[in-house]
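Working notes, structure below.
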Amino acid sequence: MPTRDSIAVESTSVNTKGFDVSLKELCQLMDMRGPNALEKINADYGGLEGLCAKIQTDPFSGLPNSSAELERRRNVFGRNEIPPLPPKSFIRLAWEALQDVTLIILLIAAIISFCISFYTGNTSKNNLNNLKTTTIIPDLTNNTSKEVINDEHAGRIEGVAILIAVIVVVLVTALNDWSKEKQFRGLQSKIETEHKFSVIRDSKPVDIVINEIVVGDICRVKYGDLLPADGILLQSNDLKVDESSLTGESDHIRKSPEVDPVLLSGTHAMEGSGRMVVCAVGVNSQTGIIMTLLGVTKEGNNNNGNTSQNNQHSINNNRKSTKINNNNDSHKSLNGIKKETANGQIAAFVPPSTATVESLGQNNGGSTVPLAPNNIDEGTTTTASIKTKSVLQGKLSSLAIQIGYVGSIVAAATVLVMIVKYSLSKFIWGPPEERQLNPNDLSNLVYFIITGVTVLVLAVPEGLPLAITLSLTYSVKKMMKDNNLVRHLDACETMGNATSICSDKTGTLTTNRMAVVQSFINDRFYREISPSWSELDKKTREILVEGISVNSGYNTQVLLPTLPGIQKTQIGNKTECALLGFTLDLGQNYEQIRHYFPEESLIKVFTFNSVRKSMMTVVHRREGGGFRLHAKGASEILLCRCKYILGVEGNILSFGNEKQKEMIKQVIEPMASDGLRTIAIAYKDFVGNSEYPNDVILSEGESSSINWDDEESLREGLTLVAILGIQDPVRPEVPEAIAKCQRSGITVRMVTGDNINTARSIAIQCGILKPGDDYLVLEGKDFNSRIRDENGIVDQRKLDQIWPKLRVLARAQPSDKYILVKGIIESKCTKNREVVAVTGDGTNDAPALKKADVGFAMGIAGTDVAKEASDIILTDDNFTSIVKAVMWGRNVYDSIAKFLQFQLTVNVVAVTIAFVGACSIKNLPFRAVQMLWVNLIMDTLASLALATEMPTEDLLKRKPYGRTKSLISRTMVKNIIGHAIYQLSVLFGLLFFANEINSRKIHNERK
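The numbering used here numbers the first residue of the sequence shown as 335 and each following residue consecutively.
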């Protein structure tokens, strides 16, 4: 098995002319960490710029977007792809289907029966007279007459017939598995094509599919990204990376070009942003090496000899900080790789913990890396637990065990009765000359075993797994058209039992197309109209536009329409897009300001996260020297950090507690009542000399000693510039969708980080809250104070008093969402355990998504981490798609119930008639082949028919079945018993009385 170095050596045989660095040298560089890597970059490459020069890329403008140049790099440095294992052949699938124990027993018994028939020859005719007949109707009126076998080759025929039945079952199963695997590969391909990453080419940011990334690409790393390749960090804005999937270390690692510039594929950007130059892709990357080690790539699978030890030695020596631990995180991530690639499902580069389709019967919790929630109380676990069996799987497992017990008892009783009757008739009551053992006795014993196995096969609903698989795969395929990309099959049917949905607001219930519609600037409230550039104070407007342009992600853009009547195109964070759109409405070009302040010139960036709920950026002042800190964030949070405010004509006014309360009451609350998200814009100057009271005066030489990492002191004493009200309209289809959920017994709760008044207004518009409802609307702090004991630990009893009435949780932290979901799931205050679905888009939503019974990630706005933790990806970020998932889930449940009713009716009748026949007459009424045909072949056709029905709106007019309710309802029991009685009456009538009325019967003799 090749190591990173050996792969590199092999690849250097390719023409590397034109580059000043080889693949082997880059791989050696990526094997280093921290100061060692930094030292090598400076010593051997002349720093970061020298490294980029050797790779022939520009750290700012990136690679030329030329297909010839990109292909040249792929030929030299490799492609960002992992060669997958070839798909299983049809013969291999058939062989795997043949491993079923029941089929093996039938196969062996049929072969023995077939072979014995050749040995015994015509003598079997005399010894089987007491057992086998040419028809299923025995003669009960003449006890002295013997039944004669007309076909002396009955044993051969029966053996061949059973073989044919087994072959048919194996072929049908293999064909189903083949089509299922083909569908999974198609779904995996869709996931891969939707996994894109932002790179810079020809000085322009473009989003490309990850398998198109090449060595030398300049990647723009942002919060929530899953890194698709190994690289060196060129510029960082407070970038922190989670490497737990590789190292098992739960602490986030701060990355910077000055300290630790090495970024590895398969790791997550948890905070901040930055730019990196790609140095290793595909099999040469960290993920590629792990996959090769596991033997799950095409190359690794073909080399499982002694080279595996060399690989392990290479990993242990070259990657001391990236060792594969036996802890839960790394273990599950490696298992995830195996599951994703075992069936050849990875056609392009996919990091070990990326989104993937998981086949039926695999880990219900998914093969993704478990993520620990931040800031979760001490009373909760810090690792997302593996999900238990789904509702349907649990019920089917219980039912299968019960049926297995009954079937085994009846089958054993049938064999025992037939052996006893045969032994008595031959060795006790038979003629003395026939009481000795002969080869035909072995033939009869084989026949008895075949009969017993057949009864067991009849008792067990063999078509049930096929029905489940067909129903789920059919539903998954159809759900893609309804904008539900299902990653875990069991999530499909689990949604049918959902009783509670905890939904985000932004983008799910709303359009996520934001715009500034109200503002408060220079002591004036612009509620109905927008301000113009000319009526704003000069200093105020310059600080406002500069702050919005610089203090936002540089990958966030608003593109002006090329044709009249078309809306602006928003790229990136939608809140920042609304602010940038506001600058465009003022007639200003934010790109010019960003060009003046390139990203690499920013002194310090504190990126937005769910804890600080604000963002700050420090830049050099344009005039007069010094520094300027720009801040934006949730209004009531940033307001308390402000000591001054820009008033009329830009006058600097004191902004104390009383004025802050007045601002909240007169500006922020009215905006929030209109359903607007309120954002505050503020700043602080650090200068050498100033006449303004709000400036921080720096003494000579002090500017170099400012601690830019002291966030707490930096954000004190800010000057408020503006309050902006951002509108995010409710999707027009959402109120009706929520009404459908409520009618179908599903409670919808909104969990948002917005202001409580904004959240309440949106909840009323959506229909989550109605006038006169006695429901709770809480902020995160109030929620925590109500559910925790005096030691700060979550008290489940207190939580049980809150969550049934809770409908809106505002200003919520990700840990609040996790605690709420966990509390609802573990609550015992309802008759049935709640089945909870959760939506999320942020990295910190991952713990709640993993904990929920079904986690929905946003396909458009969601981060890679959120998608990885989810069960279903909403490709349109729309709440109505969740309602469609509920319909499909209930349809799966109903389809399985219909098949069970059909199957169990047949099984009850067949087992009863077989057992009664074995006990009352000298033979089974049906031959083994006939019974196998009824149970195996017919069931397959029934599965196809019942498992592929389309859902209807009527499914949403009833309550969920519930987690503890039996899969077989009272109505189903009545139907099964009624049909069974009818069919048994007919069959018993034919069995015991048909000979008397058979026109072919004359004087008790067969014609």
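Note that CB positions come from ideal geometry on N, CA and C, so glycine has one too.
All of these numbers come straight from a predicted model, not from anything done at the bench.
Taking C-beta separations shorter than 7 Å and ignoring five residues to either side along the sequence, the partners of Tyr1295 in its chain run Asn831, Tyr1227, following chain order. Judged by DSSP secondary structure, Thr1214 falls within the alpha helix (DSSP H) whose first and last residues are 1213-1254.
Within a 10 Å sphere around the beta-carbon of Tyr930 sit fewer than 16 other beta-carbons, which makes this residue exposed.
Scanning its chain for C-beta atoms nearer than 6 Å, with the 5 sequence neighbours on each side dropped, one finds around Ser1161 the residues Asp1134, in chain order. The criterion of a C-beta distance shorter than 8 Å is not satisfied by Ser395 and Ile542. Going by beta carbons, Ser1204 and Arg821 fall inside the 8 Å limit. Taking 3 residues as the shortest admissible run, the segment 952-1013 contains the following complete beta strand (DSSP E) segments, listed from N- to C-terminal end: 961-968, 976-980, 986-988. For Ser532, the enclosing beta strand (DSSP E) begins and ends at 530-535.
Rounded to the nearest whole angstrom, the C-alpha separation of Thr833 and Val1217 is 12 Å. The C-beta separation of Leu1289 from Asn1225 comes to about 6 Å, placing the pair in contact by the 8 Å criterion. For the pair Thr1177 and Lys556, the Cα-to-Cα distance works out to about 11 Å. In the DSSP annotation of this structure, the continuous segment of the alpha helix (DSSP H) that includes Leu1154 starts and ends at 1148-1160. DSSP places Lys938 outside any alpha helix (DSSP H); the residue lies instead in the beta strand (DSSP E), whose first and last residues are 938-940. Counting only residues of its own chain and dropping the five nearest sequence neighbours on each side, Asp1107 has a CB closer than 8 Å to the CB of Arg1141. Secondary structure in the segment 1025-1113: the alpha helix (DSSP H) runs of 4 residues or longer, each lying completely within the stretch, are 1045-1048, 1068-1077, 1090-1100 in chain order. Cys911 is classed as buried because its beta carbon has at least 16 other beta carbons within 10 Å across all chains shown.
A straight line joining the alpha-carbon of Gly887 with that of Asn907 spans about 8 Å. Excluding residues up to 5 positions away in sequence, Val1188, Asp1205, Ile1206 lie with their Cβ nearer than 7 Å to the Cβ of Ala825 in the same chain. Rounded to whole angstroms, Val780 and Gln1076 show a C-alpha spacing of 60 Å. Under the Cβ criterion (8 Å, minimum of three pairs), the segment 1149-1158 does not count as touching the segment 1041-1057. A Cβ-Cβ separation of about 14 Å leaves Ser578 out of contact with Ser599 under the 8 Å criterion. Note that the C-beta distance between Leu963 and Tyr1017 is below 8 Å. By the criterion of a C-beta distance shorter than 8 Å, Ala746 is surrounded in its chain by Gly786, once the five residues flanking it on both sides are discounted. Note on Arg955: under 16 other CB atoms within 10 angstroms of its CB, so exposed under the neighbour-count rule. Here the alpha carbons of Trp867 and Gly921 stand approximately 7 Å from one another. Cβ neighbours of Gly1193 within its own chain (closer than 6 Å, five residues either side excluded): Ile1207, Leu1208, Thr1209. According to DSSP, Val892 shares a beta bridge with Gln904. Between Thr1173 and Thr842, the CB-CB gap stays under 8 Å. Close CB contacts of Val740 within its chain, under the 7 Å cut and outside five residues either way in sequence, are with Ala793 (chain order).
If you look at Lys388, you'll find it in the alpha helix (DSSP H) that goes 381-389. For Arg406, the enclosing alpha helix (DSSP H) starts and ends at 401-411. Its Cα nearest to that of Arg1297, the residue Leu726 stands out among Arg407, Leu726, Asp354. The C-alpha of Ile1080 lies about 57 Å from the C-alpha of Ile753. For Leu573, the enclosing beta strand (DSSP E) has its first and last residue at 564-576.
Residue environment for Met848: buried (at least 16 other C-beta atoms within 10 angstroms of its C-beta). Following the DSSP letters along the chain, one finds Cys361 inside the alpha helix (DSSP H) bounded by residues 357-364.
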